[in-house]
Every structure is written in structure tokens, then in C-alpha cells.
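Some notes on the structure that comes next.
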Amino acid sequence: MKNQETFENVNPYENSPLSKKSQVIKLFNSISDAYDIVNKILFFGLHGVWRKKVAKILKRKKPIKILDIATGTGDLAIDLLETKAEEIIGIDISEDMLKIGQNKVNKRGLNDRIKIQIGDAENLDFKDNYFDAITCSFGVRNFDNLNKALNEINRTLKPNGTFVVLETSNPENFPFKQGHYMYIKYIVPFVGRLFSKDKYAYKYLSKSLTKFPSGIDFNNILDKIGFINIENRPQTFGATTIYVANKK
Ligand SMILES: C[S@@+](CC[C@H](N)C(=O)[O-])C[C@H]1O[C@@H](n2cnc3c(N)ncnc32)[C@H](O)[C@@H]1O
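When you line the sequence shown up against our numbering, it's residues 39 to 286, in that order.
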């Protein structure tokens, strides 16, 4: 079983003296311009489908205040409008990813509905029991200190509030397991490198993806933090998983 203590926390740059957090900021700042288009090419637009599913899950819960952590270029924060929440805040540690997200919000005239701001999952600048829901798509794998971030999420959620995570995972059944492995190991770094300025970025994506705990292993991490009603819902043959949990 993998947990925060035993899984290999992969860093973007090998042999860098910087903390994982500083490396992650550097990496996402450097690929921000290419991020949306490379994702669309590499994952055939499925990111959009999966994010919409997250919004749909939350819509049923009628949240009023939602925090989208690691919002990046803001797509999930925008999809969350579907829930009709009154307050949607998207935070991230990469200024350049946020600039793209902010531009999308400005262009669509959504400034009164969505706030995009700099913020660190590991030190949330919000009161205890504040949010009805917190989301995080393709973010948790990049946290420097996963436990610290999950504890902060638990602290700032209201009792019975919902935490939804969308994260890459590894298909378990033949032939998807083998096909996915080859695709992630060879195609993703190759195509990513063609489009992005950072030669390590998509190599990191590929390595961190295979090492990060998924399915029941991630459920167990959420359980250890104190979340309840934990579910994992594999998407597209297990290429990603949506985790849904509540604060006690
Ligand atoms: C793969 S991108 C995901 C962006 C977006 N959520 C999406 O679905 O496309 C990962 C994001 O996590 C952010 N991130 C990593 N560690 C973070 C932290 N401690 N607090 C907030 N954001 C963080 C990165 O800056 C990056 O924008």
C-alpha cells in the first residue's frame, strides 16, 4: 500500500537543489502558454469531459462557496459555474498559469462570478469551515507536501462539505494497462517536448503519473486525513479517477 510516507514524491528536475514547490512553480510558469493546447492534443480533449463531470457531481450538492485548488489556466473554475455557486475562487502557485486563467475569465465577462488568485494549497488563506466544496483537478500529484495540503483542505471545508479530486491514474486491465503505459512513457514526453519550451516538463508528467498513488491507495490517504464517504470513480478505462469525499 502506498501512502504519503511511502510513495516516491517525484520532482520535476533531477538534481535540482530547489524544493519541489519551487520546481513546480518554475515548470508550470515555463509551460503555461502551451499547457491548454498540449493537453488537448495529448489527451484528445478528454480533460474537458472529465472536468465537466466534476462540475456535474457538485451541482447535485448545491454548493454556495467553492474553492478550486491548483486551478492553473482556470478551466475547472469556469466549468464550476454549472453548479450555480455564488462564490468560486481559483487559486494556484504559478502566476503564469493564473494569467491565462484570468484572461479567460475577463474575456467571458465572469469577473463577478470567479476570483482567480495566487494561493498555496499547503497554507490556505481562508477561515476554518468556510467552503461547501473544494475541487482539485490534476493538482494533488504536484503538491510538495500532500498531507499538509489535504489537512488544509479538510480544515477549510464545512462539516459535510465535499472534496472532489480529478487525477491521472493507471488502467489496470489488458490491453489498456499496456497501451496506456507505452503512451505515457514514450508519446507524452515526445509530443510535450515538441510544443513546450521545457524539455523536462512532460517527462515529469509521465514519471509522476506512474508513481502517484491511485484508486484504493489514494482513498486510504484521504481516510487517514479524516475524510469520510470516500469513493473513487475510474474514468475512461482508469486513465483518470474522480475521488469524492466529505469532511466529517
Ligand atoms: C497539471 S496543472 C492542473 C491545472 C488545472 N487544474 C487543470 O485541470 O488543467 C497543476 C497545477 O497545480 C499547481 N500547483 C502545484 N502545487 C500547488 C500548490 N501547493 N498550491 C496551489 N497550486 C499548486 C501548479 O502550479 C499547476 O498550475
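Think of the CB as a built atom: it goes at the ideal place given N, C-alpha and C, for glycine as much as any other residue.
Separation of the CB atoms of G128 and I152 is rounded to 6 Å, and the pair is thereby assigned contact status at 8 Å.
Per DSSP, the beta bridge partners of Q273 are T278. In terms of Cα proximity to Y219, the closest of D236, D113, S244, F176 is S244.
Relative to ligand 1, the beta carbon of L114 is positioned inside 7 Å of a heavy atom. If you check the C-beta of N180 against ligand 1, you find a heavy atom less than 7 Å away. For the pair S54 and D74, the Cα-to-Cα distance works out to about 26 Å. Of the other Cβ atoms in all chains shown, 16 or more fall within 10 Å of the Cβ of L162; this residue is therefore buried. Inter-segment contact for the stretch 196-204 and the stretch 228-239 is absent: fewer than three beta-carbon pairs are separated by less than 8 Å.
Within the same chain, and ignoring the five residues on either side of I138 in sequence, the residues whose Cβ sits closer than 6 Å to its Cβ are S70, T111. Here L118 has A93, I104, I126 as same chain residues with Cβ atoms under 6 Å from its own Cβ, once five neighbours each way along the sequence are excluded.
In the DSSP annotation of this structure, the continuous segment of the alpha helix (DSSP H) that includes I191 starts and ends at 184-194. Taking the CA atoms as reference points, E120 sits about 29 Å from N208. In the displayed model, N53 falls within coil according to three-state DSSP, outside both helix and strand.
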